[in-house]
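Notes follow once the structure below has been shown.
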Amino acid sequence: MTLQRMDNIGIVVEDLDAAVAFFTALGMEVEGRAQIEGLFADHAVGLDGVRSDMAMMRTPDGHSKLELAQYHAPAAVRDGSPNPQPNTLGLHRVMFAVEDLDDTVARLRSHGAELIGEVAQYKDIYRLCYLRGPSGIILALAEQIG
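full-length UniProt numbering puts the first residue of the sequence shown at 1, with every later residue one more than the last.
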């Protein structure tokens with residue numbers, strides 16, 4: 001048996017509509033939305049009384065997806081700092097390749113994103129930055145320049 005593909009990355013958010021708007025501004029597309037609850041959800045997630053809303057977002061090329069989930073029950077929990085640093089153990093950032101870094105940052109700022117550091121250039125190859133989006137999600141953006 002072999003691995004077929006990575007299907008998606010799941011991110012729990014506080015405000016699903018704000019997260020959908022944020023990732024739509026980035027250029028992702030909503031593939032679908034659903035309410036998730038019942039024994040299936042309880043068994044799959046390993047929690048009792050799961051009730052959540054989710055949105056599946058996909059990149060324009062259709063190869064990558066984010067599953068955004070807002071838990072209503074049991075309530076979402078936050079471990080540690082409300083704004084973990086990029087070097088915190090665990091999954092904390094998702095990187096996207098973009099065509100125009102400055103335009104993308106400007107669009108995302110209108111949805112509350114904040115630069116963590118600053119836009120930096122790696123040799124004559126990439127311009128990169130990290131920014132924080134809804135629910136503390138860290139995005140890395142890279143524009144190939146060379």
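We put the beta carbon where it would ideally sit given N, CA and C, even for glycine.
Same chain, Cβ closer than 7 Å to residue i, neighbours up to 5 away in sequence not counted
i    : result
L16  : D53, A55, L68 and Q70
R107 : A25
Beta-carbon contacts of residue i that lie in its chain and below 8 Å, excluding the five residues immediately before and after
i    : result
A120 : R127, L128 and C129
D42  : D48, G49 and V50
H72  : R51, S52 and D53
P60  : G27, M28 and E29
I36  : V50, R51, S52, D53, M54 and A69
E99  : E143
K65  : D7, N8, I9, E31, M56, M57, R58 and T59
Cβ neighbours of residue i in the same chain (closer than 6 Å, five flanking residues each side left out)
i           : result
E31         : M56 and R58
R33         : A55
residue 177 : In this structure the chain extends from 1 to 146, so residue 177 is not present and cannot be described.
The segment 92 to 99 / the segment 109 to 118 touching (three or more Cβ pairs under 8 Å): No, the segment 92 to 99 is not in contact with the segment 109 to 118.
Runs of beta strand (DSSP E) wholly within the UniProt domain "VOC" (5 to 144) (minimum 3 residues, chain order): 9 to 12, 29 to 37, 51 to 58, 65 to 73, 93 to 97, 120 to 122, 126 to 132 and 138 to 144
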